[in-house]
Amino acid sequence: MDNAVCTEEHQTELRRCTEEGGETLSKVGAADTSKPAEADTTKDVGPCTLNATEESNGASEIIPVTTASPRKRPLDTDEPTAKYIRLEGHGSKVAAHYNELQECGLEQRSQSRIFFLRNFNNWMKSILIGEFIEKVRQKKRRDITVLDLGCGKGGDLLKWRKGRIDKLVCTDIADVSVQQCKQRYSDMKSRCRSNEIIFNAEFVTADSTKELLADKYSNREMCFDICSCQFVYHYSFETHEQADMMLRNACENLCPGGYFIGTTPDSFELVKRLEESESDSYGNEVYRVKFQKKGDYPLYGCKYDFHLEGVVDVPEFLVYFPLLVEMAKKYKMKLVYKKTFREFYEEKIVDKEHRNLLERMQALEQYPAGENSKLVSSSAEQYEHAERYLKNGHSRPPLGTMSKSEWEATSIYLVFAFEKQL
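Heads up: the sequence shown begins at 667 in my numbering, then just goes up one per residue.
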(Lines of atoms letter the chains of each structure in order from A and count residues from 1; the text may use other names and numbers.)
(Lines give C-alpha, C1' and ligand atoms only; values in the text may rest on other atoms or scores of the structure.)
Protein backbone atom coordinates (compact mmCIF):
# COMPACT_ATOMS: atom_id res chain seq x y z
CA MET A 1 0.00 0.00 0.00
CA ASP A 2 1.44 3.37 -1.00
CA ASN A 3 1.43 5.34 2.23
CA ALA A 4 1.36 8.80 0.63
CA VAL A 5 -1.46 7.96 -1.74
CA CYS A 6 -3.40 6.16 0.94
CA THR A 7 -2.99 9.06 3.32
CA GLU A 8 -4.31 11.53 0.73
CA GLU A 9 -7.32 9.33 -0.01
CA HIS A 10 -7.89 8.82 3.69
CA GLN A 11 -7.89 12.56 4.40
CA THR A 12 -10.25 13.19 1.50
CA GLU A 13 -12.71 10.61 2.82
CA LEU A 14 -12.61 12.11 6.31
CA ARG A 15 -13.15 15.68 5.09
CA ARG A 16 -16.11 14.61 2.98
CA CYS A 17 -17.96 13.31 6.01
CA THR A 18 -19.38 16.77 6.66
CA GLU A 19 -19.57 18.03 3.08
CA GLU A 20 -21.65 15.08 1.84
CA GLY A 21 -23.73 14.57 4.94
CA GLY A 22 -22.06 11.30 5.81
CA GLU A 23 -22.79 9.53 2.52
CA THR A 24 -19.12 8.87 1.88
CA LEU A 25 -18.71 7.28 5.29
CA SER A 26 -21.31 4.64 4.56
CA LYS A 27 -19.40 3.66 1.44
CA VAL A 28 -16.32 2.77 3.47
CA GLY A 29 -18.13 1.08 6.32
CA ALA A 30 -19.04 3.73 8.91
CA ALA A 31 -22.78 3.44 9.19
CA ASP A 32 -24.14 6.26 11.34
CA THR A 33 -23.20 9.92 10.89
CA SER A 34 -26.23 11.64 12.35
CA LYS A 35 -25.75 14.09 15.19
CA PRO A 36 -26.24 12.45 18.57
CA ALA A 37 -29.12 13.43 20.84
CA GLU A 38 -31.09 15.48 18.31
CA ALA A 39 -34.79 15.53 19.08
CA ASP A 40 -37.79 14.67 16.94
CA THR A 41 -41.27 15.08 18.35
CA THR A 42 -42.56 12.08 16.42
CA LYS A 43 -40.03 9.57 17.72
CA ASP A 44 -37.36 9.25 20.37
CA VAL A 45 -34.45 11.68 20.39
CA GLY A 46 -31.96 8.90 20.72
CA PRO A 47 -31.74 5.31 21.76
CA CYS A 48 -31.50 6.18 25.44
CA THR A 49 -35.00 7.39 26.24
CA LEU A 50 -36.93 4.36 27.40
CA ASN A 51 -40.47 3.84 28.59
CA ALA A 52 -40.61 2.34 32.05
CA THR A 53 -44.30 1.42 32.04
CA GLU A 54 -45.48 0.18 28.64
CA GLU A 55 -44.88 -3.13 26.89
CA SER A 56 -42.45 -3.19 24.01
CA ASN A 57 -43.91 -2.64 20.56
CA GLY A 58 -40.78 -3.89 18.85
CA ALA A 59 -39.18 -0.46 18.62
CA SER A 60 -36.00 0.13 20.53
CA GLU A 61 -37.14 3.48 21.91
CA ILE A 62 -40.15 2.11 23.82
CA ILE A 63 -39.28 -0.75 26.10
CA PRO A 64 -40.10 -1.79 29.67
CA VAL A 65 -37.35 -0.55 31.95
CA THR A 66 -37.55 0.07 35.67
CA THR A 67 -34.56 2.09 36.71
CA ALA A 68 -33.11 1.69 40.18
CA SER A 69 -31.59 4.19 42.55
CA PRO A 70 -28.08 5.14 41.39
CA ARG A 71 -26.91 4.61 44.97
CA LYS A 72 -27.38 0.84 44.72
CA ARG A 73 -24.62 -1.37 43.43
CA PRO A 74 -25.15 -2.11 39.71
CA LEU A 75 -24.69 -5.63 38.43
CA ASP A 76 -21.33 -6.40 36.84
CA THR A 77 -19.79 -3.08 37.82
CA ASP A 78 -16.44 -2.36 36.22
CA GLU A 79 -13.63 -0.40 37.71
CA PRO A 80 -12.59 2.38 35.33
CA THR A 81 -10.31 0.62 32.89
CA ALA A 82 -6.78 2.00 32.91
CA LYS A 83 -5.93 3.67 29.63
CA TYR A 84 -3.50 1.80 27.43
CA ILE A 85 -0.40 3.93 27.37
CA ARG A 86 3.17 3.94 26.15
CA LEU A 87 6.22 3.61 28.36
CA GLU A 88 8.39 6.04 26.43
CA GLY A 89 8.21 9.82 26.19
CA HIS A 90 4.93 11.39 27.24
CA GLY A 91 3.38 7.98 27.82
CA SER A 92 5.80 7.16 30.63
CA LYS A 93 4.40 9.99 32.76
CA VAL A 94 0.84 8.84 32.18
CA ALA A 95 1.79 5.22 32.87
CA ALA A 96 3.34 6.26 36.16
CA HIS A 97 0.18 8.16 37.05
CA TYR A 98 -2.08 5.17 36.42
CA ASN A 99 0.21 2.96 38.45
CA GLU A 100 -0.13 5.40 41.35
CA LEU A 101 -3.91 5.75 41.14
CA GLN A 102 -5.84 4.56 44.18
CA GLU A 103 -9.02 2.59 43.68
CA CYS A 104 -12.05 4.68 44.59
CA GLY A 105 -14.90 3.18 46.58
CA LEU A 106 -18.34 2.24 45.33
CA GLU A 107 -19.97 5.25 46.96
CA GLN A 108 -17.53 7.62 45.26
CA ARG A 109 -18.11 5.98 41.87
CA SER A 110 -21.88 6.20 42.30
CA GLN A 111 -21.59 9.97 42.82
CA SER A 112 -19.73 10.45 39.54
CA ARG A 113 -21.21 12.65 36.82
CA ILE A 114 -20.57 9.80 34.38
CA PHE A 115 -21.96 7.00 36.58
CA PHE A 116 -24.60 6.01 34.00
CA LEU A 117 -22.25 6.53 31.07
CA ARG A 118 -19.81 4.02 32.56
CA ASN A 119 -22.59 1.55 33.24
CA PHE A 120 -23.96 1.96 29.72
CA ASN A 121 -20.54 1.29 28.18
CA ASN A 122 -20.20 -1.69 30.48
CA TRP A 123 -23.56 -3.02 29.26
CA MET A 124 -22.39 -2.67 25.67
CA LYS A 125 -19.30 -4.73 26.47
CA SER A 126 -21.37 -7.32 28.31
CA ILE A 127 -23.63 -7.89 25.31
CA LEU A 128 -20.73 -8.01 22.85
CA ILE A 129 -18.67 -10.43 24.94
CA GLY A 130 -21.65 -12.62 25.75
CA GLU A 131 -22.72 -12.97 22.14
CA PHE A 132 -19.30 -13.99 20.88
CA ILE A 133 -18.76 -16.46 23.68
CA GLU A 134 -21.98 -18.10 22.52
CA LYS A 135 -20.77 -18.10 18.92
CA VAL A 136 -17.64 -19.91 20.03
CA ARG A 137 -19.67 -22.32 22.14
CA GLN A 138 -21.66 -23.31 19.08
CA LYS A 139 -18.37 -24.50 17.56
CA LYS A 140 -16.85 -26.06 20.68
CA ARG A 141 -18.34 -26.89 24.06
CA ARG A 142 -15.25 -26.85 26.23
CA ASP A 143 -11.74 -25.51 26.63
CA ILE A 144 -12.68 -21.96 25.61
CA THR A 145 -9.59 -19.77 25.95
CA VAL A 146 -9.63 -15.95 25.96
CA LEU A 147 -7.05 -13.16 25.72
CA ASP A 148 -8.09 -9.94 27.48
CA LEU A 149 -5.84 -7.43 25.72
CA GLY A 150 -5.67 -4.28 27.84
CA CYS A 151 -7.38 -5.82 30.86
CA GLY A 152 -6.89 -2.86 33.19
CA LYS A 153 -7.88 -3.74 36.74
CA GLY A 154 -9.97 -6.69 35.64
CA GLY A 155 -13.30 -5.04 35.01
CA ASP A 156 -14.42 -7.83 32.68
CA LEU A 157 -13.55 -10.79 34.92
CA LEU A 158 -17.16 -11.28 35.92
CA LYS A 159 -18.19 -11.37 32.26
CA TRP A 160 -15.72 -14.19 31.59
CA ARG A 161 -17.00 -16.00 34.66
CA LYS A 162 -20.58 -15.73 33.43
CA GLY A 163 -19.44 -16.98 30.04
CA ARG A 164 -18.05 -20.13 31.67
CA ILE A 165 -14.75 -19.98 29.82
CA ASP A 166 -11.90 -22.32 30.75
CA LYS A 167 -8.76 -20.20 30.44
CA LEU A 168 -8.06 -16.46 30.52
CA VAL A 169 -4.88 -14.51 29.85
CA CYS A 170 -4.99 -10.93 31.13
CA THR A 171 -2.43 -8.44 29.88
CA ASP A 172 -1.90 -4.72 30.32
CA ILE A 173 0.90 -2.20 30.15
CA ALA A 174 0.42 -0.94 33.73
CA ASP A 175 1.87 -3.38 36.24
CA VAL A 176 -0.17 -2.07 39.17
CA SER A 177 -3.36 -2.59 37.17
CA VAL A 178 -2.30 -6.15 36.34
CA GLN A 179 -1.61 -6.84 40.01
CA GLN A 180 -5.02 -5.45 40.95
CA CYS A 181 -6.59 -7.63 38.27
CA LYS A 182 -4.79 -10.65 39.67
CA GLN A 183 -6.00 -9.86 43.20
CA ARG A 184 -9.53 -9.37 41.94
CA TYR A 185 -9.38 -12.78 40.29
CA SER A 186 -8.11 -14.38 43.51
CA ASP A 187 -10.89 -12.73 45.50
CA MET A 188 -13.47 -13.95 42.99
CA LYS A 189 -12.19 -17.51 43.24
CA SER A 190 -12.19 -17.46 47.03
CA ARG A 191 -15.83 -16.32 47.11
CA CYS A 192 -17.18 -18.75 44.53
CA ARG A 193 -19.52 -21.57 45.48
CA SER A 194 -17.97 -24.93 46.29
CA ASN A 195 -19.57 -26.55 43.25
CA GLU A 196 -18.55 -23.78 40.83
CA ILE A 197 -15.50 -24.15 38.64
CA ILE A 198 -13.77 -20.84 37.86
CA PHE A 199 -11.55 -20.48 34.81
CA ASN A 200 -7.79 -20.63 35.19
CA ALA A 201 -5.93 -17.38 34.55
CA GLU A 202 -2.48 -16.01 33.97
CA PHE A 203 -1.35 -12.40 34.02
CA VAL A 204 1.16 -10.61 31.83
CA THR A 205 2.53 -7.08 32.16
CA ALA A 206 3.70 -5.94 28.73
CA ASP A 207 3.45 -3.21 26.12
CA SER A 208 1.41 -5.01 23.47
CA THR A 209 2.31 -2.38 20.89
CA LYS A 210 6.03 -3.19 21.15
CA GLU A 211 6.43 -6.66 22.68
CA LEU A 212 5.39 -10.06 21.38
CA LEU A 213 3.03 -11.49 23.97
CA ALA A 214 3.51 -15.11 22.88
CA ASP A 215 7.03 -14.98 24.30
CA LYS A 216 5.54 -14.30 27.73
CA TYR A 217 2.78 -16.92 27.84
CA SER A 218 3.17 -20.06 29.96
CA ASN A 219 2.68 -21.91 26.67
CA ARG A 220 3.95 -20.05 23.63
CA GLU A 221 1.69 -22.10 21.34
CA MET A 222 -1.44 -21.22 23.30
CA CYS A 223 -4.44 -20.85 20.99
CA PHE A 224 -7.23 -18.40 21.79
CA ASP A 225 -10.89 -18.57 20.81
CA ILE A 226 -11.48 -14.88 21.57
CA CYS A 227 -9.28 -11.83 21.92
CA SER A 228 -11.16 -8.99 23.60
CA CYS A 229 -9.73 -5.48 23.26
CA GLN A 230 -12.07 -2.97 24.93
CA PHE A 231 -11.44 0.79 24.58
CA VAL A 232 -7.75 0.11 24.00
CA TYR A 233 -6.72 -0.56 20.40
CA HIS A 234 -6.64 3.09 19.32
CA TYR A 235 -3.64 3.75 21.55
CA SER A 236 -1.55 1.61 19.21
CA PHE A 237 -2.07 3.79 16.13
CA GLU A 238 0.84 6.07 16.96
CA THR A 239 2.94 4.29 14.32
CA HIS A 240 2.42 1.53 11.78
CA GLU A 241 4.82 -0.71 13.68
CA GLN A 242 2.91 -0.33 16.94
CA ALA A 243 -0.49 -0.85 15.33
CA ASP A 244 0.78 -3.94 13.54
CA MET A 245 2.37 -5.42 16.66
CA MET A 246 -0.81 -5.01 18.64
CA LEU A 247 -2.80 -6.56 15.82
CA ARG A 248 -0.33 -9.43 15.70
CA ASN A 249 -0.71 -9.97 19.44
CA ALA A 250 -4.48 -9.91 19.08
CA CYS A 251 -4.76 -12.24 16.10
CA GLU A 252 -1.69 -14.40 15.52
CA ASN A 253 -2.54 -16.90 18.27
CA LEU A 254 -6.26 -17.07 17.51
CA CYS A 255 -7.64 -20.47 16.58
CA PRO A 256 -9.22 -20.78 13.12
CA GLY A 257 -12.77 -19.54 13.58
CA GLY A 258 -11.72 -17.48 16.61
CA TYR A 259 -12.76 -13.85 17.08
CA PHE A 260 -11.02 -10.54 17.70
CA ILE A 261 -13.67 -8.30 19.27
CA GLY A 262 -13.51 -4.81 20.67
CA THR A 263 -14.68 -1.25 21.08
CA THR A 264 -12.85 1.82 19.81
CA PRO A 265 -13.55 5.46 18.88
CA ASP A 266 -15.09 5.97 15.44
CA SER A 267 -12.63 8.14 13.51
CA PHE A 268 -15.32 9.30 11.10
CA GLU A 269 -17.52 10.55 13.94
CA LEU A 270 -14.58 12.24 15.65
CA VAL A 271 -13.56 14.07 12.48
CA LYS A 272 -17.16 14.89 11.58
CA ARG A 273 -17.62 16.69 14.88
CA LEU A 274 -14.27 18.44 14.48
CA GLU A 275 -15.15 19.73 11.01
CA GLU A 276 -18.48 21.01 12.36
CA SER A 277 -16.81 22.87 15.23
CA GLU A 278 -15.45 26.41 15.01
CA SER A 279 -12.08 25.51 16.50
CA ASP A 280 -9.72 22.58 16.89
CA SER A 281 -11.73 21.17 19.80
CA TYR A 282 -15.28 20.27 20.78
CA GLY A 283 -17.20 18.62 23.58
CA ASN A 284 -19.53 19.35 26.48
CA GLU A 285 -19.65 19.21 30.28
CA VAL A 286 -18.72 15.51 30.24
CA TYR A 287 -16.05 15.12 27.56
CA ARG A 288 -13.74 17.18 25.36
CA VAL A 289 -11.69 16.29 22.30
CA LYS A 290 -8.86 18.51 21.04
CA PHE A 291 -6.96 17.95 17.80
CA GLN A 292 -3.69 19.56 16.80
CA LYS A 293 -5.33 21.05 13.70
CA LYS A 294 -8.15 20.52 11.25
CA GLY A 295 -7.75 18.98 7.82
CA ASP A 296 -4.60 16.97 8.55
CA TYR A 297 -5.39 13.33 9.34
CA PRO A 298 -2.40 11.05 8.74
CA LEU A 299 -2.94 7.31 8.80
CA TYR A 300 -0.74 6.92 11.85
CA GLY A 301 0.09 9.32 14.65
CA CYS A 302 -3.04 11.43 14.19
CA LYS A 303 -3.08 12.46 17.81
CA TYR A 304 -5.91 14.06 19.70
CA ASP A 305 -6.37 14.71 23.41
CA PHE A 306 -9.43 13.16 24.97
CA HIS A 307 -10.74 14.34 28.32
CA LEU A 308 -13.54 12.56 30.14
CA GLU A 309 -14.97 13.97 33.37
CA GLY A 310 -13.04 12.60 36.31
CA VAL A 311 -10.44 10.86 34.12
CA VAL A 312 -6.88 11.94 33.38
CA ASP A 313 -6.27 13.30 29.88
CA VAL A 314 -4.52 10.74 27.70
CA PRO A 315 -3.35 11.22 24.09
CA GLU A 316 -5.23 8.98 21.66
CA PHE A 317 -4.85 8.27 17.96
CA LEU A 318 -7.37 8.03 15.13
CA VAL A 319 -7.97 4.53 13.80
CA TYR A 320 -8.91 4.72 10.13
CA PHE A 321 -11.04 1.60 10.13
CA PRO A 322 -10.75 0.65 6.44
CA LEU A 323 -6.99 0.57 7.00
CA LEU A 324 -7.41 -1.68 10.04
CA VAL A 325 -9.49 -4.06 7.92
CA GLU A 326 -6.69 -4.24 5.35
CA MET A 327 -4.01 -4.70 8.00
CA ALA A 328 -5.96 -7.54 9.60
CA LYS A 329 -5.85 -9.56 6.37
CA LYS A 330 -2.16 -10.15 7.03
CA TYR A 331 -3.24 -12.31 9.98
CA LYS A 332 -6.07 -14.04 8.08
CA MET A 333 -8.73 -11.93 9.78
CA LYS A 334 -12.02 -11.02 8.14
CA LEU A 335 -14.32 -8.27 9.40
CA VAL A 336 -17.66 -9.89 10.29
CA TYR A 337 -19.32 -7.21 12.41
CA LYS A 338 -19.09 -3.44 12.82
CA LYS A 339 -21.66 -1.09 14.31
CA THR A 340 -21.68 2.32 15.92
CA PHE A 341 -22.73 2.30 19.56
CA ARG A 342 -26.09 3.72 18.56
CA GLU A 343 -26.67 1.03 15.96
CA PHE A 344 -25.50 -1.70 18.32
CA TYR A 345 -27.84 -0.46 21.05
CA GLU A 346 -30.84 -0.29 18.73
CA GLU A 347 -30.13 -3.76 17.41
CA LYS A 348 -29.67 -5.44 20.79
CA ILE A 349 -32.21 -3.66 22.99
CA VAL A 350 -35.17 -5.39 21.35
CA ASP A 351 -34.10 -8.57 23.14
CA LYS A 352 -35.88 -8.92 26.51
CA GLU A 353 -32.83 -10.39 28.26
CA HIS A 354 -30.72 -7.49 27.06
CA ARG A 355 -33.29 -5.00 28.36
CA ASN A 356 -33.38 -6.73 31.72
CA LEU A 357 -29.59 -6.61 31.92
CA LEU A 358 -29.67 -2.90 31.05
CA GLU A 359 -31.93 -2.37 34.05
CA ARG A 360 -29.91 -4.49 36.45
CA MET A 361 -26.68 -2.78 35.47
CA GLN A 362 -28.27 0.66 36.00
CA ALA A 363 -27.16 1.79 32.57
CA LEU A 364 -29.86 4.46 32.36
CA GLU A 365 -30.92 7.22 34.70
CA GLN A 366 -34.44 7.52 36.08
CA TYR A 367 -36.31 10.59 34.87
CA PRO A 368 -37.83 12.33 36.72
CA ALA A 369 -35.55 11.55 39.65
CA GLY A 370 -36.92 9.53 42.53
CA GLU A 371 -38.02 11.08 45.79
CA ASN A 372 -34.71 10.51 47.57
CA SER A 373 -32.35 11.05 44.65
CA LYS A 374 -31.37 13.72 42.14
CA LEU A 375 -30.38 13.84 38.49
CA VAL A 376 -26.68 13.70 37.65
CA SER A 377 -26.98 17.08 35.91
CA SER A 378 -28.73 20.13 37.32
CA SER A 379 -29.26 21.53 33.80
CA ALA A 380 -32.80 21.12 32.48
CA GLU A 381 -31.38 21.27 28.94
CA GLN A 382 -29.70 17.91 29.53
CA TYR A 383 -33.13 16.25 29.79
CA GLU A 384 -35.16 18.20 27.22
CA HIS A 385 -35.48 15.04 25.13
CA ALA A 386 -36.98 13.08 28.02
CA GLU A 387 -39.32 15.90 29.01
CA ARG A 388 -40.51 16.27 25.43
CA TYR A 389 -41.05 12.53 25.22
CA LEU A 390 -43.31 12.62 28.27
CA LYS A 391 -45.21 15.74 27.16
CA ASN A 392 -45.95 14.18 23.79
CA GLY A 393 -47.74 11.39 25.60
CA HIS A 394 -45.43 8.61 24.48
CA SER A 395 -45.33 7.15 27.98
CA ARG A 396 -45.91 7.70 31.66
CA PRO A 397 -43.05 8.50 34.02
CA PRO A 398 -40.55 7.40 35.05
CA LEU A 399 -38.32 6.98 32.03
CA GLY A 400 -34.93 5.38 31.75
CA THR A 401 -32.71 7.87 29.93
CA MET A 402 -29.25 9.34 29.59
CA SER A 403 -28.27 12.99 29.77
CA LYS A 404 -27.54 14.67 26.46
CA SER A 405 -23.87 15.15 27.33
CA GLU A 406 -23.37 11.51 28.28
CA TRP A 407 -24.99 10.31 25.08
CA GLU A 408 -22.79 12.60 22.98
CA ALA A 409 -19.76 11.16 24.76
CA THR A 410 -20.65 7.50 24.33
CA SER A 411 -21.83 7.82 20.74
CA ILE A 412 -18.31 8.45 19.44
CA TYR A 413 -17.55 4.73 19.76
CA LEU A 414 -18.10 1.64 17.65
CA VAL A 415 -17.98 -2.12 18.19
CA PHE A 416 -16.21 -4.56 15.88
CA ALA A 417 -15.49 -8.24 15.39
CA PHE A 418 -13.04 -10.04 13.11
CA GLU A 419 -13.00 -13.79 12.50
CA LYS A 420 -9.86 -15.88 11.91
CA GLN A 421 -10.04 -17.61 8.54
CA LEU A 422 -8.82 -21.14 7.86
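We put the beta carbon where it would ideally sit given N, CA and C, even for glycine. Given the structure is predicted, the values throughout are model-derived calculations rather than measurements.
To the nearest angstrom, report how far apart residue 901 and residue 1016 are at their CA atoms.
Cα to Cα, the separation comes out at about 33 Å.
When DSSP labels each residue in this structure, what does residue 744 get in the three-state scheme?
Below a pLDDT of 50, predicted positions are generally treated as unreliable, and residue 744, at 46, falls in that range; no measurement from the model is reported.
Residue 965: beta carbon under 7 Å from a heavy atom of the ligand NAP?
Among the components modelled here there is no ligand, and therefore nothing to report on the ligand NAP.
Rounded distance between the beta-carbons of residue 812 and residue 793, thought under 8 Å
Actually they are not in contact, since the Cβ atoms of residue 793 and residue 812 sit about 16 Å apart, beyond 8 Å.
Is it the case that the stretch 939–950 contacts the stretch 960–975, given that we only count it when at least three CB pairs across the two stretches are under 8 Å?
Result yes; three or more Cβ-Cβ pairs closer than 8 Å.
Indicate whether residue 917 and residue 815 have their beta-carbon atoms separated by less than 8 Å.
Between residue 917 and residue 815, the C-beta spacing is not below 8 Å.
Could you name the residues of the same chain whose beta carbon sits closer than 7 Å to that of residue 881, not counting the 5 residues immediately before and after it, in chain order?
Within the same chain, residue 881 has no close Cβ partners at all.
Please classify residue 1081: does DSSP put it in a helix, a strand, or coil?
In this structure, residue 1081 counts as strand in the three-state DSSP scheme.
Inter-residue spacing [alpha-carbon to alpha-carbon] between residue 800 and residue 1073
Using only the alpha carbons, I get a separation of about 29 Å.
Does the stretch 932–943 touch the stretch 993–1004, meaning 3 or more C-beta pairs lie closer than 8 Å?
With the cut-off at 8 Å, the stretch 993–1004 and the stretch 932–943 do not touch.
Report buried or exposed for residue 808, applying the criterion of at least 16 other Cβ atoms within 10 angstroms of its Cβ.
With fewer than 16 Cβ atoms within 10 Å of its Cβ, residue 808 is classed as exposed.
Return the residue from the list 981, 1079, 777, 909 that minimises the CA-CA distance to residue 1004.
For residue 1004, the nearest C-alpha among the options comes from 1079.
Length-filtered (3 minimum) beta strand (DSSP E) runs lying within the stretch 958–982:
Segments of the beta strand (DSSP E) lying fully in the stretch 958–982: 969–974.
Mapping the DSSP letters down to three states, classify residue 885 as helix, strand or coil.
In this structure, residue 885 counts as coil in the three-state DSSP scheme.
Would you call the CB atoms of residue 1069 and residue 1044 closer than 8 Å?
Going by C-beta atoms, residue 1069 is not nearer than 8 Å to residue 1044.
If I follow the unbroken beta strand (DSSP E) through residue 1031, where does it start and stop?
Per DSSP, the continuous beta strand (DSSP E) segment holding residue 1031 begins and ends at 1031–1033.
Do the stretch 1017–1025 and the stretch 913–933 touch if we need at least three Cβ pairs shorter than 8 Å?
Output reads no: the stretch 913–933 does not touch the stretch 1017–1025.
Any idea which residues DSSP pairs residue 836 with across the strands?
In DSSP, residue 836 forms a bridge with 814, 869.
Residue 777, DSSP secondary structure in three states
Reduced to three states, the DSSP call for residue 777 is coil.
Quick test of your reading: residue 1085 and residue 928, contact by CB under 8 Å. State the CB separation rounded to the nearest angstrom.
No, residue 1085 and residue 928 are not in contact; Cβ-Cβ is about 13 Å, not under 8 Å.
Does residue 979 pass the burial test, meaning 16 or more other C-beta atoms within 10 Å, or should it be called exposed?
Residue 979 should be labelled exposed.
What does a CB cutoff of less than 7 Å around residue 640 pick up in its chain, not counting 5 residues either side in sequence?
With the chain represented from 667 up to 1088, any question about residue 640 goes unanswered, as that position is not in the structure.
Is it buried or exposed, residue 889, if we count other Cβ atoms within 10 angstroms and call 16 or more buried?
Under this definition residue 889 is an exposed residue.
Suppose the cutoff is 6 Å on Cβ atoms and the five residues either side in sequence are ignored; what does the same chain contact list for residue 738 look like?
Confidence at residue 738 is low in this model, with a pLDDT of 43, below 50, so the placement of that residue is unreliable and no value is reported for it.
For residue 932, name the three-state secondary structure that DSSP assigns.
Residue 932 falls in the coil class under three-state DSSP.
C-alpha distance - residue 861 paired with residue 833, whole-angstrom precision:
Taking the straight line joining both Cα atoms gives about 18 Å.
Please classify residue 893: does DSSP put it in a helix, a strand, or coil?
Annotated three-state conformation of residue 893 is strand, per DSSP.
Could you tell me the boundaries of the beta strand (DSSP E) in which residue 1065 lies?
In the DSSP assignment, residue 1065 falls within the unbroken beta strand (DSSP E) covering 1065–1067.
With a cut-off of 8 Å on the beta carbons, I'd call residue 1033 and residue 1049 a contact; round off their distance for me.
Rounded, the Cβ-Cβ distance is 6 Å, consistent with contact.
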